[in-house]
Amino acid sequence: MRKRLLDYLLDFGGILVVLAAVAASIIPLYWMTVTSIKPDRELLIGTAPLWVFHPTVKHYQYLLRFTPFGRWFANSVFVASITTAVALFLGALAAYAISRIPSRFNIRMTQLTLLSYLIPRAVFVVPLYNLLSSLRLLDTLWGLALAYLSFTLPFSIWLLLGFFQNIPREIDEAALIDGCSRWGALLRVILPLLASGMIATCVYCFSMSWNEFMYPLALVQTQARNTITVGIASMKQGDILAWGPIMAAGTLGSIPVLVFYAFIYKKIVGGLVAGSIKG
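Taken in order, the sequence shown gives residues 1 to 279; the numbers are from full-length UniProt numbering.
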């Protein structure tokens, strides 16, 4: 009887923890969306923060007409897409080499990859600034994408490595016996088996690039080249906070990642489960 009661309490406690985590994730998004459609009067009064009585879209109209939000949005899409594509391609090659090519340095390479991802990004700001300046890529979107690879590429290698290790080497050997080259075996046989893992890695690299704030703040000086994160921060003028337009920008800026997650949620979950198990 006591054991059954203890199990019940543990299950109930687990449910409460999950509900609290869900609420902590959803309430900020809900508050941001509600605030973005509140008229100025309701924002100034501050009553009913989680409800709107007279919804309006004027904050969105102001955002799209009088701020370079469209440019910020396009910059973020460009940088995040380029970064994700390069990190996915190079990460797949590196993870395949580490998992398939016999070498006594493989374990050390894996440890170094994980270590480089765990190092705080602030450590790389000054070296990246000097590097991009010497390459004449400072204050450019291409330079920003190159800087983003300092944290997306190690993460991509580390995550994809689990997927490659979960695929038996006999599949590679069978492809080589059938006449495929090492490159052909990777492209035609191995990568199609890693569809869920590639999608999961793609989503995480894209979301990390999309939400990055420190690098564009330090490496971009021109407002027209700002990403959406720095652009929203620049909407604060001194002590004045235009909550309506800022929340409207945050709401629109959240849509791409939310839609991305919603459409391929099952692939992400399946990919992470597969990548966390070494065969």
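Using N, Cα and C, we set each Cβ at its ideal position, and we do this for glycine too.
Span of the alpha helix (DSSP H), counted from its first residue to its last, around W183: To locate residue 183, count along the sequence shown from 1; it is residue 183. Looking at the DSSP string, the run of the alpha helix (DSSP H) that includes W183 is 182-185.
Proximity below 9 Å, CB of T201 to CB of P154: Counting from 1 along the sequence shown, the entry for residue 201 is found at position 201. Counting from 1 along the sequence shown, the entry for residue 154 is found at position 154. Cβ distance not < 9 Å, so T201 and P154 don't count as in contact.
Straight-line Cα distance separating T229 from residue 311: Nothing can be reported for residue 311: it is not among the residues displayed for the chain, which extend from 1 to 279.
Cβ-Cβ separation, L149 to T83 (assumed contact under 8 Å), whole Å: In the sequence shown, residue 83 corresponds to position 83, counting from 1. In the sequence shown, residue 149 corresponds to position 149, counting from 1. Yes, T83 and L149 are in contact; Cβ-Cβ is about 6 Å, under 8 Å.
The segment 101-118 / the segment 251-262 touching (three or more Cβ pairs under 8 Å): no
Straight-line Cα distance separating I264 from W183: Within the sequence shown, the letter at position 183 stands for residue 183. Within the sequence shown, the letter at position 264 stands for residue 264. Near 28 Å, if we compare the C-alpha coordinates of I264 and W183.
Rounded separation between S76 and I177 - CA only: Along the sequence shown, read from residue 1 onward, the residue named residue 76 stands at position 76. Along the sequence shown, read from residue 1 onward, the residue named residue 177 stands at position 177. Whole-angstrom Cα-Cα distance: 45 Å.
Alpha-carbon to alpha-carbon, A87 and S181: Taking the first residue of the sequence shown as position 1, residue 181 is located at position 181. Taking the first residue of the sequence shown as position 1, residue 87 is located at position 87. Rounded to the nearest angstrom, the two C-alpha atoms are 23 Å apart.
Extent of the continuous alpha helix (DSSP H) to which D172 belongs: Position 172 of the sequence shown holds residue 172. 169-177 is the extent of the alpha helix (DSSP H) around D172.
Coil, strand or helix - Q237 by DSSP: For the purposes of this step, residue 237 is taken as the residue at position 237 of the sequence shown. Residue state, collapsed to three classes: strand.
Separation of L258 from W243, as counted between CA atoms: Translated into the one-based positions of the sequence shown, residue 243 becomes position 243. Translated into the one-based positions of the sequence shown, residue 258 becomes position 258. For W243 and L258, the distance between alpha carbons rounds to 22 Å.
Among R41, V52, A20, the one whose alpha carbon lies nearest that of M32: Within the sequence shown, the letter at position 32 stands for residue 32. Measuring from the Cα of M32, the nearest candidate turns out to be V52.
Residue 286 (DSSP reduced to helix, strand or coil): Coverage of the chain is limited to positions 1 through 279, which leaves residue 286 absent and any answer about it impossible.
F124 vs A147 beta-carbon contact at 9 Å: In the sequence shown, the residue the question calls residue 124 occupies position 124. In the sequence shown, the residue the question calls residue 147 occupies position 147. Contact: yes.
For F66, the three-state DSSP class (helix, strand or coil): Along the sequence shown, read from residue 1 onward, the residue named residue 66 stands at position 66. F66 falls in the helix class under three-state DSSP.
Local conformation of A242 per DSSP, three classes: Position 242 of the sequence shown holds residue 242. In the structure shown, A242 sits in coil (DSSP, three-state: anything other than H, G, I, E or B).
Presumed contact (8 Å Cβ cut-off) between W72 and T222, rounded CB distance: Locating residue 72 in the sequence shown gives position 72, counting from the first residue. Locating residue 222 in the sequence shown gives position 222, counting from the first residue. Not quite, the Cβ-Cβ distance comes to about 12 Å (not below 8 Å), so this is no contact.
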